[in-house]
Amino acid sequence: MDTAGKLLTDRDQGILTLTLNRPDKLNAIDNELAEALLQALQSARDDTSVRVVRLRGHGRAFCAGRDVGAPPTEQDLVLVQAVSEAIVRHPRPVLAEVHGWTVGAGLEWMLNADVVLAADNTRFKLPEASLGVFVTGGLTATLPAMAGLARAKALMLLGDEFSAGEARDWGLIWQVVSADALQATGLQLAQRLANLRPEVATQFKRVLNQIGLAAFDNAVAEESSVQRHLQNG
Numbered sequence: 159m160d161t162a163g164k165l166l167t168d169r170d171q172g173i174l175t176l177t178l179n180r181p182d183k184l185n186a187i188d189n190e191l192a193e194a195l196l197q198a199l200q201s202a203r204d205d206t207s208v209r210v211v212r213l214r215g216h217g218r219a220f221c222a223g224r225d226v227g228a229p230p231t232e233q234d235l236v237l238v239q240a241v242s243e244a245i246v247r248h249p250r251p252v253l254a255e256v257h258g259w260t261v262g263a264g265l266e267w268m269l270n271a272d273v274v275l276a277a278d279n280t281r282f283k284l285p286e287a288s289l290g291v292f293v294t295g296g297l298t299a300t301l302p303a304m305a306g307l308a309r310a311k312a313l314m315l316l317g318d319e320f321s322a323g324e325a326r327d328w329g330l331i332w333q334v335v336s337a338d339a340l341q342a343t344g345l346q347l348a349q350r351l352a353n354l355r356p357e358v359a360t361q362f363k364r365v366l367n368q369i370g371l372a373a374f375d376n377a378v379a380e381e382s383s384v385q386r387h388l389q390n391g
């Protein structure tokens, strides 16, 4: 495992584990982290030894969203959207394993995954509207598809915090476990996904996204257009 950078990578028995590694910043996204994650996802596309991608966060949170220490830039937008597209279009199943704060773009990346496991201490929030910015990650497609249009509007416009139990009940995640059991349960799920016949798993993911997330490409394009308009306004 390379622990030098902002993304930790580990490979074992077909499982590629990618761990966001800015624990002092609650894994808030900067360009280096986003670029490292994008490169890792792209490199794994044609690697037949990878059967499943496991996305995690190091420290007290999965991801606190974009690092707001600096104003958003065009490159921020491009990289965040590219990571979302890489997760959705990756030929292998992507398991997101979340805990602690899972906010903004971190929540958006989680919803791009195929299976989501959450610790019971996970807290979710979409603060973009209150910050005067727009959402990314195809959220305008993924959230209504999973939670329904009315709930998606309320969650995005009001930005209220919600719990892992609520996220499960609303269809945003697959399972909630104790924080102590998160890593072991995540590994078990990753192993089950890795044991699937790769071409079968790929086709299930492709067709389900093609039907269930038919609006994803248009959502990414519209979100990017609105982001640019707001930045230049």
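Just so we're aligned: the sequence shown equals residues 159 to 391 in my numbering. Note that CB positions come from ideal geometry on N, CA and C, so glycine has one too.
The residue from E232, L199, P251 with its alpha-carbon nearest to that of A244 is L199. Taken atom to atom, the span from the alpha-carbon of L213 to that of I331 is near 14 Å. In this structure, V293 keeps its C-beta atom at 8 Å or more from the C-beta atom of V252. Here G323 has D278, V334 as same chain residues with Cβ atoms under 8 Å from its own Cβ, once five neighbours each way along the sequence are excluded. Collapsing the DSSP output to three states places V226 in coil. For L307, the uninterrupted alpha helix (DSSP H) segment begins and ends at 307 to 316.
Two segments are said to touch when three or more pairs of C-beta atoms, one from each, lie closer than 8 Å; by this definition the stretch 221 to 231 touches the stretch 258 to 278. Residue burial is scored here from C-beta neighbours: D182 has fewer than 16 other C-beta atoms within 10 angstroms and is therefore classed as exposed.
Take the alpha-carbon of A359 and the one of Q385: they are about 34 Å apart.
Take the alpha-carbon of P285 and the one of V241: they are about 20 Å apart.
In the same chain as K164, and ignoring 5 residues on each side of it, the C-beta atoms closer than 7 Å to its own belong to N179, R180, E190, L191, A194, in chain order. For G306 and R281, the gap between their C-alpha atoms comes out near 20 Å.
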